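Residue numbers (this note's numbering): 32 to 303.
Cβ atoms here follow ideal geometry from the backbone N, Cα and C, with glycine treated the same way.
In this text the structure is predicted, and so the values were computed from the model without any measurement.
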């Protein structure tokens, strides 16, 4: 029996497959594209090809070989999911598995939103979710990077060498205008990149301090957890060590897989 988690976010979709021993057997990431429905079908085809789901065009065995839990922005677009679970629950459970602790302050920076989750004794005690504005998210970084002909990862690395410039606006549209103006007046790219990362870190830090308590173990998950300079900038603003992990961007999918393991055999229903 395989326990599968599918996290369809606004930008990327992640897959995690576990066995009964809570071992991660497989994980992958792909672009969500314009249609969550098409992405969900592409994921099914991939899982069928590698053998984690029975093929729909083959005779169906008496017993199913997998339990699927979907989460994320596009979770309702996964018709073959046995259960759907909210992002907050899945990211918390996934972070607990990844970092091996049931007491965490989880900062998850996604494509369109930022989540801060306070986890105590393995339970979500509180959370904040910024889903009304793309400031402080991967989308903000992507827009600014496009203005500078840089990929998000390139922009973050370039930011290490910059200084002396600030972006005053937290609105993505106005901030992009500021970046274009800085480019027009000949400002160095590394200085503009530094201003972009600092703007994101300022936004996320102001959100995080509402839940963070001094001495908390803090971890960074989501797509931007791989941008190390952003982590460094956040550490300085929160005055706290922040951990990342190679599986950080898969926290939602891993959490969903763990819910599959927990709920296999129950009647499917939405836990949102």
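Check, Outcome
"Give a yes or no on whether the C-beta atoms belonging to residue 249 and residue 274 are separated by under 8 angstroms.", "yes"
"Going by C-alpha to C-alpha distance, which of 245, 32 and 50 sits closest to residue 285?", "50"
"By the three-class DSSP mapping on this structure, what secondary structure does residue 286 have?", "helix"
"Keeping to the same chain, check which residues put their C-beta closer than 6 angstroms to that of residue 108; ignore five residues upstream and five downstream.", "67, 68 and 71"
"Can you tell me which of 74, 218, 118 and 281 puts its alpha carbon nearest to the alpha carbon of residue 111?", "74"
"What separation, rounded to the nearest whole angstrom, lies between the Cα atoms of residue 114 and residue 195?", "49 angstroms"
"Quick check on residue 49: does DSSP put it in helix, strand or coil?", "strand"
"Based on DSSP bridge pairs, tell me the residues matched to residue 360.", "This structure leaves residue 360 out entirely; the chain is present only between 32 and 303."
"What did DSSP end up calling residue 244 once you bin it into helix, strand or coil?", "coil"
"Would you mind working out which of 187, 191 and 153 sits nearest residue 256, comparing C-alpha positions?", "187"
"Rank 161, 295 and 290 by C-alpha distance to the C-alpha of residue 238 and give the top, closest one.", "161"
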